[in-house]
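Asks: Anchor point for the first sequence: position 311 equals 328 in our numbering, and the numbering is continuous, going up by one each time. Just so it is clear, CB atoms sit at the ideal spot from N, CA and C, and this is done for glycine as well. This is the structure I want to talk about, given as structure tokens.
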Amino acid sequence: MKWSKALIPTLKEKPKNVENVSHSLSIRAGLVRPLVSGVYSYLPFGWKVLSNIINIIKEEMNKIGGQELFLPALTPSEFWKETGRWDEYGKEMFKLKDRKNRDMCLAPTHEEVITEIARKEITSYKDLPQIWYQIQTKFRDEIRPRGGLFRLRQFIMKDSYSFDTDDEMFKSNYALHREAYSNIFKRCGLDFIIVKASSGLMGGSLSEEFMTFSEDGEDTVVVCEKCGYKANHEVAVSRNNGVNFSDEPLEKIHTPIEGSIEKVSGFLKVPKTKLMKSLLYLIDEEPIFLLLDGEHELSDEKLGNLGNARAATPDEIKTIVGASSGYISPIGLKTKIRTFADTALGSKKGLITGANEDMYHFKGVNIERDLKVDKYVDLKLVNDGDKCESCGASLNIKHSIEIGHIFNLGVKYSTLMKAFFLDNTGEKKPIVMGSYGTSPERIMMSVIETHQDKDGIIWPSEIAPYKVLVIPLNIEKPEVKNTAETIWSALREKTEVLMDDRDESVGVKFKDASLIGIPLQIIVGERSLKNGNVEIKSRDGAISKNVKKEEVVEEALKLMNSEFIN
RNA sequence: CGGGGGGUGGCGCAGCUUGGUAGCGCGCUUGGUUCGGGACCAAGAGGCCACGGGUUCGAAUCCCGUCUCCCCGACCA
18 MKWSKALIPT LKEKPKNVEN VSHSLSIRAG LVRPLVSGVY SYLPFGWKVL SNIINIIKEE
78 MNKIGGQELF LPALTPSEFW KETGRWDEYG KEMFKLKDRK NRDMCLAPTH EEVITEIARK
138 EITSYKDLPQ IWYQIQTKFR DEIRPRGGLF RLRQFIMKDS YSFDTDDEMF KSNYALHREA
198 YSNIFKRCGL DFIIVKASSG LMGGSLSEEF MTFSEDGEDT VVVCEKCGYK ANHEVAVSRN
258 NGVNFSDEPL EKIHTPIEGS IEKVSGFLKV PKTKLMKSLL YLIDEEPIFL LLDGEHELSD
318 EKLGNLGNAR AATPDEIKTI VGASSGYISP IGLKTKIRTF ADTALGSKKG LITGANEDMY
378 HFKGVNIERD LKVDKYVDLK LVNDGDKCES CGASLNIKHS IEIGHIFNLG VKYSTLMKAF
438 FLDNTGEKKP IVMGSYGTSP ERIMMSVIET HQDKDGIIWP SEIAPYKVLV IPLNIEKPEV
498 KNTAETIWSA LREKTEVLMD DRDESVGVKF KDASLIGIPL QIIVGERSLK NGNVEIKSRD
558 GAISKNVKKE EVVEEALKLM NSEFIN
């Protein structure tokens, strides 16, 4: 392709309303253009990258025996109603009516549709296992699209589904996907880790997320550099901080300040760990006290695991406990309220917590002596620097981007939608399912996030829109032009090559070359041509040398296949 | 949905406080000079100042409403 004939609309300035690097670069390099919030057009240059990513995905999925299919995006409500997600998904689902007034939606995911196929077509254990996948557009009316292309309302998803007779068989399909995903991300040039995940709306237990690190990522993960422990922040665990205070008698003290952990620890001049956070929640409409170490926040995910939970309102707290939030605790209450304590609280002594009277706290609280804990559960959101549960080293919290998610659906959908098969004893059983998702846009944006410098993108060669960029510096000099043409023609038979044949000044060409990030550049200019040379260099700066113009094609092909670029 | 910030030639911005001929940089067109890191000169084209109402002799500017985009929180590939 010649640049003069191509649509590669580069931008000199950072577009407005753009925050993170990948968003800015994807627009500046002419890959994408916004249409409405959370919806983007993919221009030819960007689509080439996405197509390369999609091809890698297909290759790796086919390798594990995945069969590609293509399901409709427009789906009737009835299947969603069978599983209850018509309501569960709520406003996030793009719902519409057809001309007969029938409820339809633009599918946000495809468990229902795929299960509908499975229940009709799979009848015997002899039909199992199966892996079906598709690469298709998903629609989710996100509460807030964000981060450029990180959270979209319309996006491409590769989703696959596995069908097995039992958990044992499922495990091997799961492992195959884990392997395939690892290969996909590796080939795209991404560094990633696999963490324990939260399952969200999908349900199911075994669940892992593939994460890349980026300051602009909307997720956080907890990692232990020492033993390799890693988990999504929401579900990560850490040890008791090991801080102990001496035992004292229980005593009510006057604390004439706002009852926050911050204020109380400041007022009493004690560390936050000496405070015990007492929170009143309604779990399945039963009031329950949740106790946490003063320096930790409650994890929403872990809270959700307890049941249908919500924080008690100030009025409810007043009615149930008789004091305001900030001055409450399960100690000395007339009415019994069940109490769950975070595991890290253990049997601590000498703590401070609310005295169930405004402006008063208890000091000297001894958990074993002064209150009855009904259940110890893991409730806390891990803090940076907490001690690793398994090895005791300090944990780090890092921003990350979720690029893939694999999980066990168990028999949730097969049971709800009656997708049964007969096993070898003639017994009717629900199909064991797994669901696996990744998104080409996310991959592309993650790659940009992690493969760029101040001048622009540096594409890993496998997904680069072109592998080589030929830059004739002054297109009006016949020798420069002809040499570039010769190189370009020879190269285009072997690989994808772009030639910047625009009549632009060198500065513009070099700046654009850096911006669009083609991994290999062949620079044809009068200066080196005097010695019969052209320059070949890699965008990442690793290679820059002069070679005979007759040998540059061969050299380029050699470099392309070497390890030098990611 | 709550909170915050925007919408002015294609792009990035100024102008708005204190109403009075719509401006700058980039890009674009034409001609010329340049050509190893966003060149220079000259001449041009291009704007219902998001939209709808008001106030006023007069509104990009003041007031009311609407739409829309971005950021922070509940969601997830």
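Could you tell me the alpha carbon to alpha carbon distance between residue 468 and residue 33, rounded to whole angstroms?
Replies: Looking up residue 468 in the first sequence gives position 451. Looking up residue 33 in the first sequence gives position 16. Going from the Cα of residue 468 to the Cα of residue 33 covers about 22 Å.
Asks: DSSP puts residue 375 in a beta bridge; with which residues?
Replies: Here residue 375 refers to the residue found at position 358 when the first sequence is read from its first residue. Its beta-bridge partners do not exist; DSSP assigns none.
Asks: Hey, how far is the Cα of residue 181 from the Cα of residue 145?
Replies: Residue 181 sits at position 164 when you count from the first residue of the first sequence. Residue 145 sits at position 128 when you count from the first residue of the first sequence. Roughly 6 Å separates the two Cα atoms.
Asks: By DSSP, does residue 290 sit in helix, in strand, or in coil?
Replies: Indexing the first sequence from 1 puts residue 290 at position 273. Reduced to three states, the DSSP call for residue 290 is helix.
Asks: Measuring only the C-alpha atoms, how far is residue 583 from residue 206?
Replies: Indexing the first sequence from 1 puts residue 583 at position 566. Indexing the first sequence from 1 puts residue 206 at position 189. Its pLDDT being 48, under 50, residue 583 is placed unreliably in this model, and the value from its coordinates should be taken loosely. Roughly 6 Å between the two C-alpha positions.
Asks: Assign residue 290 to one of two classes, buried (16 or more other C-beta atoms within 10 Å of its C-beta) or exposed (fewer than that).
Replies: Against the first sequence, residue 290 aligns to sequence position 273. Classification of residue 290: buried, given that the 10 Å Cβ count is 16 or more.
Asks: Count Cβ pairs between the region 84-103 and the region 471-485 that sit closer than 8 Å; are there 3 or more?
Replies: No, they do not touch.
Asks: Tell me which residues share the same chain as residue 369 and place their Cβ nearer than 6 Å to its Cβ, disregarding the 5 neighbours each side in the sequence.
Replies: Sequence index remark: in the first sequence, residue 369 carries index 352 (1-based). Cβ within range, chain order: 291, 292, 378, 380.
Asks: When you compare the CB positions of residue 488 and residue 449, do they come within less than 9 Å of one another, or not?
Replies: In the first sequence, the residue the question calls residue 488 occupies position 471. In the first sequence, the residue the question calls residue 449 occupies position 432. Going by C-beta atoms, residue 488 is not nearer than 9 Å to residue 449.
Asks: Could you compute how far the alpha carbon of residue 629 sits from the alpha carbon of residue 269?
Replies: Since the displayed the chain opens at 18 and closes at 583, residue 629 lies outside it and no answer follows.
Asks: Skipping 5 residues on each side, what residues in its chain have a beta carbon closer than 6 Å to that of residue 74?
Replies: As a first step, residue 74 must be located in the first sequence, where it is residue number 57. Correct list, in chain order: 175, 201.
Asks: Determine the burial state of residue 84: buried for a count of at least 16 other Cβ atoms within 10 Å of its Cβ, exposed for fewer.
Replies: What you label residue 84 is simply residue 67 of the first sequence in a count that begins at 1. Label assigned to residue 84: exposed.
Asks: I need the DSSP call for residue 594, collapsed to helix, strand or coil.
Replies: There is simply no residue 594 to check, as the chain begins at 18 and stops at 583 in what is shown.
Asks: To the nearest angstrom, how far is the alpha carbon of residue 359 from that of residue 415?
Replies: As a position in the first sequence, residue 359 is number 342, starting the count at 1. As a position in the first sequence, residue 415 is number 398, starting the count at 1. Distance between the alpha carbons of residue 359 and residue 415: 23 Å.
Asks: In this structure, what does DSSP give as the bridge partners for residue 370?
Replies: The sequence position of residue 370 within the first sequence is 353, counting from 1. Beta-bridge pairing links residue 370 to 379.
Asks: Which same chain residues end up closer than 7 Å to residue 7 when comparing Cβ atoms and leaving out the 5 residues on each side of it in sequence?
Replies: Nothing about residue 7 can be reported from this structure: the residues present for the chain run from 18 to 583 only.
Asks: Mapping DSSP to helix, strand and coil, what is residue 284?
Replies: Within the first sequence, the letter at position 267 stands for residue 284. DSSP places residue 284 in helix when its eight states are reduced to three.
Asks: Take residue 59 and list the residues in its own chain whose beta-carbon comes closer than 8 Å to its own, dropping the five residues that flank it on each side.
Replies: The sequence position of residue 59 within the first sequence is 42, counting from 1. Contacts found: 48, 49, 67.
Asks: Mind the definition here: the region 273-288 touches the region 454-470 only if three or more C-beta pairs lie below 8 Å; say whether that holds.
Replies: Short answer: they don't touch.
Asks: Determine the DSSP secondary structure at residue 399, reduced to helix, strand or coil.
Replies: Position 382 of the first sequence holds residue 399. Here residue 399 sits in coil by DSSP.
Asks: Report the rounded CA-to-CA distance for residue 425 versus residue 569, giving the unit in angstroms.
Replies: Position 408 of the first sequence, counted from the start, is the residue given in the question as residue 425. Position 552 of the first sequence, counted from the start, is the residue given in the question as residue 569. In a straight line, the C-alpha of residue 425 is about 51 Å away from that of residue 569.
Asks: If I measure Cβ to Cβ from residue 131 and keep anything under 6 Å in the same chain, skipping five residues before and after, which residues do I get?
Replies: Your numbering for residue 131 matches position 114 in the first sequence. So the list reads 178, once near-sequence residues are dropped.
Asks: To the nearest angstrom, how far is the alpha carbon of residue 475 from that of residue 259?
Replies: As a first step, residue 475 is located in the first sequence; it is residue number 458 there, counting from the start. As a first step, residue 259 is located in the first sequence; it is residue number 242 there, counting from the start. Roughly 46 Å between the two C-alpha positions.
Asks: Residue 354 to residue 373, Cα distance in whole Å?
Replies: Within the first sequence, the letter at position 337 stands for residue 354. Within the first sequence, the letter at position 356 stands for residue 373. So the alpha carbons of these two residues sit roughly 13 Å apart.
Asks: Run the CB neighbour count on residue 220, radius 10 Å, all protein chains shown included, and call it buried at 16 or more, exposed below.
Replies: By 1-based counting over the first sequence, the position of residue 220 is 203. Its pLDDT being 46, under 50, residue 220 is placed unreliably by the model, and nothing is read from it.
Asks: Compute the distance between the beta-carbons of residue 515 and residue 492, then report whether it is under 9 Å.
Replies: Residue mapping note: residue 515 aligns to position 498 of the first sequence, counting from 1. Residue mapping note: residue 492 aligns to position 475 of the first sequence, counting from 1. In this structure, residue 492 does not lie closer than 9 Å to residue 515 by Cβ.
Asks: Could you please give me the residues that DSSP links to residue 238 through a beta bridge?
Replies: The count along the first sequence starts at 1 and reaches residue 238 at position 221. Its beta-bridge partners are 249, 415.
Asks: Are the CB atoms of residue 214 and residue 224 nearer to each other than 9 Å?
Replies: Start at 1 with the first residue of the first sequence, and residue 214 comes out as number 197. Start at 1 with the first residue of the first sequence, and residue 224 comes out as number 207. Against a cut-off of 9 Å, the Cβ pair of residue 224 and residue 214 comes out as a contact.
Asks: From the DSSP output, read off the bridge partner residues of residue 544.
Replies: Here residue 544 refers to the residue found at position 527 of the first sequence. Answer by DSSP bridge pairing: none, since residue 544 is not bridged.
Asks: Should residue 394 and residue 323 be called a contact, given that it needs their Cβ atoms to be closer than 9 Å?
Replies: As a position in the first sequence, residue 394 is number 377, starting the count at 1. As a position in the first sequence, residue 323 is number 306, starting the count at 1. Yes, these two residues count as a Cβ contact at 9 Å.
Asks: Can you pull the DSSP bridge partners for residue 516?
Replies: Your numbering for residue 516 matches position 499 in the first sequence. The partner list for residue 516 (beta bridge, DSSP) reads 19, 487.
Asks: Report yes if the CB atom of residue 21 is closer than 9 Å to the CB atom of residue 519, and no otherwise.
Replies: Sequence index remark: in the first sequence, residue 21 carries index 4 (1-based). Sequence index remark: in the first sequence, residue 519 carries index 502 (1-based). Yes, the pair counts as a contact, with Cβ atoms nearer than the cut-off.
Asks: Grouping DSSP H, G and I as helix and E and B as strand, with all else coil, what is residue 262?
Replies: The sequence position of residue 262 within the first sequence is 245, counting from 1. It is coil, neither helix nor strand.
Asks: Return helix, strand or coil for residue 434, following the three-state DSSP convention.
Replies: Stepping through the first sequence from its first residue, residue 434 is reached at position 417. If DSSP states are grouped into helix, strand and coil, residue 434 belongs with coil.
Asks: Do residue 490 and residue 523 have their beta-carbon atoms positioned less than 9 Å apart in this structure?
Replies: Here residue 523 refers to the residue found at position 506 when the first sequence is read from its first residue. Here residue 490 refers to the residue found at position 473 when the first sequence is read from its first residue. Going by C-beta atoms, residue 523 is nearer than 9 Å to residue 490.
Asks: Residue 309 and residue 350 - do their beta-carbons sit closer together than 9 Å?
Replies: The residue given as residue 350 occupies position 333 in the first sequence. The residue given as residue 309 occupies position 292 in the first sequence. Their beta carbons are not under 9 Å apart, which means residue 350 does not touch residue 309 by this criterion.
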